[in-house]
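S.K.:
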Amino acid sequence: MDRKEEYKIENLTMLQIQYLIELNKLEKKKGAVRMIAAKCGVNHSQVSRFFKKCIEEGELTESLDFTENGKRKLDWRCKMIRDVRDYLERSGITEGTEEVLKGMIENIDYIQLEKLVKSDRRMNPKTKMQKREDVITDIRDILEYGNHEVAVTILQHDGAKRSMADRGFEPVALIRYNKRGAYLELTIREMDAVSRVNGEDMSGYLATLKYLHQGIFRYADIKNGKVRIPLDACYYQNFDNGVLRGNVMITVTCSVGNAHMPESTARVVFKL
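Read in the UniProt record's numbering, the sequence shown has 212 at position 212, and its numbers run on one by one without any break.
1) Taking the runs of the alpha helix (DSSP H) that are 4 residues or longer, which of them lie wholly in the region 10-76?
2) Please classify residue 347: does DSSP put it in a helix, a strand, or coil?
3) Between the region 210-223 and the region 164-182, do at least 3 Cβ pairs fall closer than 8 Å?
4) Since GLY168 sits in a beta bridge, which residues does DSSP pair it with?
5) Can you have a look at ILE111 and say buried or exposed, based on whether 16 or more other CB atoms are within 10 angstroms of its CB?
6) Give me the Cβ distance between ALA266 and LEU155, rounded to the nearest whole Å; I'm assuming they're in contact under 8 Å.
7) Count the C-beta pairs between the region 8-18 and the region 26-34 that are closer than 8 Å, then say yes if the count reaches three, no if not.
8) So what does DSSP say about GLU5, is it helix, strand or coil?
9) Give the range of the beta strand (DSSP E) segment to which ALA233 is assigned.
10) Comparing alpha-carbon positions, which option in ILE108, LYS102, LEU101, VAL100 lies nearest ILE9?
11) I'd like to know whether the C-beta atoms of VAL269 and ASN247 end up nearer to each other than 9 Å.
Rendered as structure tokens:
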């Protein structure tokens with residue numbers, strides 16, 4: 001699919017993509033909406049409204065057959081899901097994979113997502129010459145100048161499970177390396193919580209973040225919804241064939257509703 005067509009592909013939810021996948025499996029379309037709704041665990045009207053929109057946009061016919069354009073878009077979306085899932089596997093993200101996949105497919109512009117997956121497959125020529133190492137002491141020795149998108153996960157401090165702090169950040173971060181320095185730039189997003197007092201839903205944002213550097217937790221600047229962590233504060237492991245995983249210990253606090261959540265320790269994990 002060429003670039004012009006990619007721009008026209010809007011983000012669908014994973015559930016909406018599943019509607020189309022199930023529809024594509026059916027040889028006879030009679031009763032399709034009812035069957036798909038039952039299989040996906042939703043009501044009839046949700047599927048019906050979505051298919052009506054697809055008809056209006058020329059992806060389905062009135063008889064719920066795929067148009068050439070609709071079939072091409074579905075094939076491309078399915079390919080993106082496979083590519084992103086492979087990307088997460090190569091990144092070493094094994095816990096909560098489907099949640100991360102859902103967030104990336106539903107929220108990241110498809111062109112940016114394709115660039116992220118493709119750039120992951122390309123090795124820096126300098127890294128091809130390196131032998132396997134367990135630890136990299138200075139990431140700047142092998143990192144190219146520029147901006148690099150990376151998948152990021154916030155784990156509990158022991159790395160066993162995903163941290164609640166993960167809800168407060170977008171699943172894709174940016175590594176910036178220029179004359180002014182080298183940073184991991186995280187994007188903050190709204191996070192939800194349930195009040196222990198009255199059970200009401202609350203929402204809020206990251207209040208503070210500190211990163212561990214040379215044995216000391218240092219405050220990171222939060223500006224315009226972004227927070228930067230110097231790359232020299234990160235620890236790098238499992239360097240092999242151009243694959244490099246980085247992580248750094250952090251502590252975070254969040255303001256949710258009128259409450260200020262206590263400081264918690266977590267680990268940021270990303271891959272180059």
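Even glycine gets a Cβ: it sits at the ideal position worked out from N, Cα and C.
M.R.: The structure says:
1) 14-25, 32-40, 44-56
2) Nothing can be reported for residue 347, as the shown portion of the chain is limited to 1 through 272.
3) no
4) Paired residue(s): none; GLY168 is not in a bridge.
5) exposed
6) 6 Å
7) no
8) Note that GLU5 scores 44 on pLDDT, short of 50, meaning its location in the model is unreliable and no value can be drawn from it.
9) Run containing ALA233: none; DSSP gives neither H nor E here.
10) ILE108
11) yes
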